[in-house]
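**Student:** Residue numbers (the numbering used here): 4 to 105.
Glycine is no exception: its CB is placed at the ideal position from the N, C-alpha and C atoms.
As the structure is a prediction and not an experimental result, all values here were calculated from the model.
My questions will all concern the structure given below.
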Amino acid sequence: MSEETQGLAEVYTFAKPFIFEGQDTKEVTLDFGNLSGNDIISCDRQYRAEQRGGISLAPEMDKAYLAYVVAKAAGVHVELIRTAKAKDFTALTLRARNFLLL
């Protein structure tokens, strides 16, 4: 796993590349700095729809919600993030949590 910075965007390289929708996935570019309030609201709506009315008091701590934020920052479908191996998934969602809370 390695990372490098391109301006404010961060390239995250997966520890173990994987196939997603027939394509080899080796890295994603995360650009949390370009997210808007509307992007966060969109993530929240998608997350709540998936939860079928269940309410999380702190979605910023919920990996399911954070996966939506990572996907939005990377410009990819949330399933790509969920398909990543556990170690990569956790590293990515921690980045989203740190962005939202720090």
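#1: My parser needs the alpha helix (DSSP H) runs of 4 or more residues fully inside the segment 62-101; what are they?
#2: Considering Cα atoms alone, identify which of N41, P62 and G40 is closest to Y50.
#3: Name the two residues that bound the continuous alpha helix (DSSP H) containing E53.
#4: For L105, does the three-state DSSP call read helix, strand or coil?
#5: Where does A18 land, buried or exposed, given buried means 16+ other C-beta within 10 angstroms?
**Tutor:** So, from the listed chains and residues:
#1: DSSP runs (the alpha helix (DSSP H)) wholly in the segment 62-101: 66-77 and 81-86.
#2: P62
#3: G40 to Q54
#4: coil
#5: exposed
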